[in-house]
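S.K.:
Residue numbers (full-length UniProt numbering): 1 to 329.
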């Protein structure tokens, strides 16, 4: 049984932390190295981590000054000694077979990276009824991550540690959207990527400190720079990967426009607002023609591209209404 390093970046997670740690220490895969990185959290998160470390010798707590999730995850990667590594958010939690399921995907396919394309969320608590294991090429996996066909964060995936270190893959990018960068780079550097469907990760949508509920324009502008960087530095340079990146750039112009509206800052960001609308309309025909997405999604893109401002306002109303109904303990 290989050792798996579990990296958790923790900041202001006191409310959720015990549920998360309990879900880790009770995993059916017992050979774990649990790295809890206290990123200078001002609440009681650090004390909770220390308490669990005194009870379970698999837990290593690292207290550091606040530097953000990327820096905390990088500290975890530097200290990881397991053959494989998983990366968890501090406000979520795991199904008890999370590690075992991902390791089974690795063993079945011989892949250096494995992931599942479904997760539990506040709004979706139903497990899938049929599972299937696929073996993806680096190109296929990259495109599926960039479109994205499934959640893009690092937390529904497992990585071979030696592959990450050999290719210097870390969270050392200066923009938000670092999970997309990390996962897409790892996919390109892996021999194969295994894909399963089972839901093994619980993603919390109603945390008021998360990017889903706390609108900040810089998150959109950073995400736009991030996907442009991914396109420029990608390893698998094919027409398919170029089309995927170009679609994601278009998507992020829509995201920036959405955030300008959500933060009610059209006047102070007038030039950026107009730039977004210009690029959304300019590239609409290209992304409709070349993206590997279904007809239903393309019909939505068409409406979004023709009426970007109205579409963003409608999305904002829908998102706020959905978040108001969310409940997840």
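Quick reminder that beta carbons are idealized off the backbone N, C-alpha and C, glycines included. It should be emphasised that the depicted structure is a prediction, and the values quoted were computed from it without experimental measurement.
(1) Once you ignore the five residues that flank residue 114 on each side, which residues in its own chain have a CB closer than 6 Å to its CB?
(2) So what does DSSP say about residue 120, is it helix, strand or coil?
(3) Counting only runs of 4+ residues fully inside the segment 152 to 203, write out the alpha helix (DSSP H) ranges in chain order.
(4) Looking only at C-alpha atoms, which of 256, 156, 133 and 245 sits nearest to residue 109?
(5) With burial defined as no fewer than 16 other Cβ atoms inside 10 Å of the residue's Cβ, what is the status of residue 218: buried or exposed?
(6) With respect to the alpha helix (DSSP H) encompassing residue 253, which residues constitute its N-terminal and C-terminal limits?
(7) Around the Cβ of residue 99, are there at least 16 other Cβ atoms within 10 angstroms (buried) or fewer (exposed)?
(8) As a quick exercise: from 227, 40, 29 and 17, pick the residue whose alpha carbon is nearest that of residue 51.
(9) If residue 83 and residue 2 are in contact, beta carbons under 8 Å, what's the gap, nearest whole angstrom?
(10) Using three-state DSSP, classify residue 149 as helix, strand or coil.
(11) Roughly how many whole angstroms lie between the Cα atoms of residue 5 and residue 320?
(12) Whole angstroms is fine: what's the gap from residue 144's alpha carbon to residue 271's?
(13) Just how far apart, CA to CA, sit residue 199 and residue 128?
(14) Which residues does DSSP list as the beta-bridge partners of residue 8?
(15) Indicate the three-state DSSP secondary structure (helix, strand or coil) for residue 59 in the structure shown.
(16) Quick check: the segment 270 to 287 against the segment 239 to 259, are there 3 or more CB pairs under 8 Å?
(17) Work out the CA separation of residue 282 and residue 238 for me, nearest whole Å.
(18) Name the DSSP bridge partner or partners of residue 93?
(19) Can you look up residue 1 in the DSSP assignment and give me helix, strand or coil?
(20) How would you write the range of the beta strand (DSSP E) that residue 134 sits in, first residue to last?
(21) Return the residue from the list 230, 315 and 88 that minimises the CA-CA distance to residue 19.
M.R.: If we stick to the structure as given:
(1) 102, 105, 106, 158 and 194
(2) strand
(3) 161 to 166 and 178 to 189
(4) 133
(5) exposed
(6) 239 to 262
(7) buried
(8) 17
(9) 4 Å
(10) coil
(11) 36 Å
(12) 33 Å
(13) 7 Å
(14) 36 and 88
(15) strand
(16) yes
(17) 23 Å
(18) 202
(19) coil
(20) 134 to 136
(21) 88
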